[in-house]
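In this note's numbering, the protein residues as written are 377 to 814.
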């Protein structure tokens with residue numbers, strides 16, 4: 377069963393009585409509430425603040441007690457939580473570590489007793505070792521959102537002119553202006569595709585989930601380096617602010633590619649030499665005795681400014697755009713799920729994939745012949761033929777159907793309907809199913 381974001385909670389830890397009353401209705405039918413006072417069935421009442429103050433000496437330990445209670449509710453081994461607390465508070469000294477361990481154990485034992493018969497969850501124990509990606513010793517990229525990217529657009533155009541590899545992660549949020557800075561949206565697709573003045577080549581990728589953002593970010597670096605272009609990794613607040621555990625990632629399969637030229641085999645270096653593919657030999661300053669020149673003005677093959685409108689300028693424009701043919705061939709087609717047998721097909725992109733997959737399963741269980749087409753490589757769009765004789769429905773986390781507009785202009789397809797969510801919350805399976813009313 378695919379799992380997408382949901383508004384209902386399995387476990388709600390209310391920080392005060394008001395929160396317990398206000399958000400109690402969001403708890404699943406078989407979920408539980410952990411709060412200070414008994415106000416409903418299927419709950420674990422624990423007087424965190426009172427116990428922390430009287431038995432542990434400070435109300436501040438109520439937070440750690442609550443962590444212990446949550447650990448018990450999901451069936452976590454207490455020693456795992458203890459190891460996390462040791463790591464978290466080590467710099468504050470042994471007394472602080474010891475006090476938090478006691479607080480966690482207190483909350484754990486109280487919740488475990490209260491869990492009898494109402495806590496069905498058990499966190500599986502694994503022997504697998506996991507890697508934590510910290511970002512150290514990494515290639516550089518720029519990450520931004522909304523207005524920050526708007527201020528960087530001139531640099532995107534500069535990278536296109538001087539043919540410098542550039543990777544930007546654009547985290548979408550509802551706009552315009554500041555908008556909803558802590559909420560999510562898919563409102564910047566057309567902005568990313570058209571970012572930068574003038575005509576130049578860029579690649580726009582939109583990862584589907586945590587594992588895909590790992591793969592696509594490395595792919596962004598490799599393709600930026602190979603084609604000497606800017607690449608935008610188009611994510612969103614939902615994906616970037618979420619935490620995931622991902623298995624089956626083999627780091628040895630994700631070696632970075634570098635496409636610098638070998639200076640020892642070059643006598644007369646032309647940074648922007650005209651080639652059949654449009655990709656010129658690239659050296660970086662100081663790599664050798666060759667002079668490396670870059671200019672944001674139109675330039676000749678050496679990188680020197682030019683206004684030779686008859687010969688040089690058209691040749692340089694065509695050289696830069698010649699890379700389009702190779703890049704177009706490297707772009708992956710969209711994912712198809714149950715398309716052949718489907719009568720109706722949901723079309724989406726980026727982080728909406730888990731929601732689309734869950735909606736697909738729900739609809740198919742109801743007997744609806746439904747399929748899915750999902751895009752993660754947004755520009756240039758891949759060479760792709762939409763299946764004939766199907767009804768297409770656009771599903772997006774924006775108000776104007778930006779992917780649908782792009783697909784109409786590039787493929788000429790029409791949509792029978794659309795589901796657009798633009799309230800700042802991510803799409804999910806039940807939301808899509810309810811909106812379709814099939």
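Backbone N, C-alpha and C fix where the C-beta goes; we use that ideal spot for every residue, glycine too.
At 3 residues or longer, and completely inside the stretch 550 to 587: list those beta strand (DSSP E) runs for me, N to C.
Counting whole runs of 3 or more residues, the stretch 550 to 587 contains the beta strand (DSSP E) stretches 579 to 581.
Run through the stretch 707 to 772 for me and flag every whole beta strand (DSSP E) of 3 or more residues, listed as ranges in chain order.
Within the stretch 707 to 772, the runs of beta strand (DSSP E) that reach at least 3 residues and sit entirely inside it are, in chain order, 711 to 713, 720 to 725, 746 to 751, 753 to 755 and 767 to 772.
Count the other C-beta atoms from every protein chain shown that fall within 10 angstroms of the C-beta of residue 695, then say buried if there are 16 or more, exposed otherwise.
Walking along the chain shown from the start, residue 695 turns up at place 319. By the 10 Å Cβ count, residue 695 comes out buried.
I think residue 599 touches residue 609, with their Cβ atoms under 8 Å apart; what is that distance to the nearest whole Å?
Along the chain shown, read from residue 1 onward, the residue named residue 599 stands at position 223. Along the chain shown, read from residue 1 onward, the residue named residue 609 stands at position 233. Beta-carbon to beta-carbon, residue 599 and residue 609 are separated by about 11 Å, too far to satisfy the 8 Å threshold.
Could you give the uninterrupted runs of the alpha helix (DSSP H) lying entirely in the stretch 589 to 676, keeping only those of 4 residues or more?
As far as the stretch 589 to 676 is concerned, its whole alpha helix (DSSP H) runs of at least 4 residues are 613 to 616.
Test item: CB-CB of residue 724 and residue 772 under 8 Å:
As a working mapping, residue 724 is identified with position 348 in the chain shown. As a working mapping, residue 772 is identified with position 396 in the chain shown. By the CB criterion at 8 Å, residue 724 and residue 772 fall inside the cutoff.
Residue interval of the beta strand (DSSP E) (run including residue 796)
As a first step, residue 796 must be located in the chain shown, where it is residue number 420. That run of the beta strand (DSSP E) goes 793 to 796.
In its own chain, which residues sit with a C-beta less than 7 Å from the C-beta of residue 807, not counting the 5 before and 5 after it?
The residue you call residue 807 lines up with position 431 of the chain shown. Excluding residues within five positions, the ones whose Cβ falls inside 7 Å are 797.
Which of helix, strand or coil DSSP assigns to residue 436:
Here residue 436 is taken as the residue at index 60 of the chain shown, counted from 1. In the structure shown, the three-state DSSP call for residue 436 is helix.
Here's a check: name, in chain order, each residue in its chain whose Cβ is nearer than 6 Å to the Cβ of residue 417, leaving out the five neighbours to either side.
Within the chain shown, residue 417 is the residue found at index 41, counting from 1. Closer than 6 Å at Cβ, skipping near neighbours: no residue.
Pick helix, strand or coil for residue 413, following the three-state DSSP scheme.
Here residue 413 is taken as the residue at index 37 of the chain shown, counted from 1. Looking at residue 413 - three-state DSSP - the assignment turns out to be coil, as it is neither helix nor strand.
Based on the DSSP output, what are the partners of residue 520 in its beta bridges?
Sequence index remark: in the chain shown, residue 520 carries index 144 (1-based). The partner list for residue 520 (beta bridge, DSSP) reads 546.
Nonlocal neighbours in the same chain, by C-beta distance under 7 Å from residue 508, ignoring five residues either side:
Residue mapping note: residue 508 aligns to position 132 of the chain shown, counting from 1. Only weak support exists for where residue 508 lies, its pLDDT of 49 falling under 50; the value from the coordinates is given anyway. Once the five neighbours on either side are set aside, residue 508 has no close Cβ partner at all.
Less than 7 Å between C-beta atoms, sequence neighbours within five positions excluded: which residues of the same chain meet that for residue 789?
Position 413 of the chain shown holds residue 789. 762, 768 and 783.
Return yes when the Cβ of residue 691 is within less than 8 Å of the Cβ of residue 753, no when it is not.
If you number the chain shown from 1, residue 753 lands on position 377. If you number the chain shown from 1, residue 691 lands on position 315. The answer is no: Cβ separation not under 8 Å.
Segment contact, 8 Å Cβ cut-off, at least three pairs: the stretch 649 to 657 with the stretch 627 to 634
Verdict: no, contact absent.
Here's the rule: buried if 16 or more other CB atoms are within 10 angstroms of the residue's CB, otherwise exposed. What is residue 383?
Here residue 383 corresponds to residue number 7 of the chain shown, with the count starting at 1. Around the beta carbon of residue 383, fewer than 16 other beta carbons sit within 10 angstroms, so the residue counts as exposed.
Would you call residue 704 buried or exposed, if buried means 16 or more other Cβ atoms sit within 10 Å of its Cβ?
Along the chain shown, read from residue 1 onward, the residue named residue 704 stands at position 328. Counting Cβ neighbours within 10 Å, residue 704 comes out exposed, since fewer than 16 surround it.
Counting pairs of beta carbons, one from the stretch 568 to 584 and one from the stretch 514 to 532, are three or more of them closer than 8 Å?
Between the stretch 568 to 584 and the stretch 514 to 532 there are three or more inter-stretch CB-CB distances shorter than 8 Å, so the stretches are counted as touching.
Would you tell me roughly how many angstroms separate the C-alpha atoms of residue 689 and residue 603, rounded to the nearest one?
Mapped onto the chain shown, residue 689 falls at position 313. Mapped onto the chain shown, residue 603 falls at position 227. Using only the alpha carbons, I get a separation of about 20 Å.
Can you tell me whether DSSP reads residue 695 as helix, strand or coil?
As a working note, residue 695 is residue 319 in the chain shown. It is helical.
Here's the rule I'm using: 16 or more other beta-carbon atoms within 10 Å means buried, otherwise exposed. How should residue 676 be labelled?
In the chain shown, counting from the first residue as 1, residue 676 sits at position 300. Residue environment for residue 676: buried (at least 16 other C-beta atoms within 10 angstroms of its C-beta).
With the cut-off set at 8 Å, would you say residue 671 and residue 679 are in Cβ contact?
Here residue 671 is taken as the residue at index 295 of the chain shown, counted from 1. Here residue 679 is taken as the residue at index 303 of the chain shown, counted from 1. The answer is yes: Cβ separation under 8 Å.
Taking just the CA atoms, how far does residue 795 sit from residue 812?
Mapped onto the chain shown, residue 812 falls at position 436. Mapped onto the chain shown, residue 795 falls at position 419. Answer to the nearest angstrom: the Cα atoms are 8 Å apart.
Answer yes if the stretch 622 to 630 comes into contact with the stretch 566 to 573, meaning at least three C-beta pairs across the two stretches below 8 Å, and no otherwise.
No: fewer than three Cβ pairs fall under 8 Å.
Answer yes if the stretch 715 to 723 comes into contact with the stretch 741 to 750, meaning at least three C-beta pairs across the two stretches below 8 Å, and no otherwise.
In short, these stretches touch, since the Cβ pair count reaches three.
Alpha carbon of residue 702 to alpha carbon of residue 477, nearest angstrom
Taking the first residue of the chain shown as 1, we reach residue 702 at position 326. Taking the first residue of the chain shown as 1, we reach residue 477 at position 101. Counting only the Cα atoms, residue 477 lies some 58 Å from residue 702.
Take the Cβ of residue 466 as the centre, count every other Cβ of all protein chains shown within 10 Å, and call the residue buried at 16 or more, exposed below.
Numbered from 1 along the chain shown, position 90 holds the residue referred to as residue 466. Flag for residue 466 reads exposed.
Taking the alpha-carbon positions, what's the residue 803 to residue 614 distance?
Numbered from its first residue, the chain shown carries residue 803 at position 427. Numbered from its first residue, the chain shown carries residue 614 at position 238. Distance from the CA atom of residue 803 to the CA atom of residue 614, rounded to whole angstroms, is 10 Å.
Beta-carbon proximity of residue 543 to residue 484, cut-off 8 Å:
One-based indexing of the chain shown puts residue 543 at position 167. One-based indexing of the chain shown puts residue 484 at position 108. Going by C-beta atoms, residue 543 is not nearer than 8 Å to residue 484.
For residue 658 and residue 667, the rounded distance between their alpha carbons
Here the question's residue 667 lines up with position 291 in the chain shown. Here the question's residue 658 lines up with position 282 in the chain shown. Just so you know, the alpha carbons of residue 667 and residue 658 end up roughly 11 Å apart.
Counting pairs of Cβ atoms below 8 Å between the stretch 488 to 496 and the stretch 444 to 456, do you hit three or more?
Here the stretch 488 to 496 lies against the stretch 444 to 456, with 3 or more beta-carbon pairs under 8 Å apart.
Neighbour-count burial assignment, residue 809, 16 or more Cβ in a 10 Å radius:
Residue mapping note: residue 809 aligns to position 433 of the chain shown, counting from 1. With 16 or more other Cβ atoms from the protein chains shown falling within 10 Å of its own Cβ, residue 809 counts as buried.
Identify the residues that DSSP records as bridge partners of residue 488: which are they?
Here the question's residue 488 lines up with position 112 in the chain shown. Residue 488 is not bridged to any residue.
Output the boundary residues of the beta strand (DSSP E) element that contains residue 421.
As a working mapping, residue 421 is identified with position 45 in the chain shown. Counted as a single uninterrupted DSSP element, the beta strand (DSSP E) harbouring residue 421 occupies residues 419 to 421.
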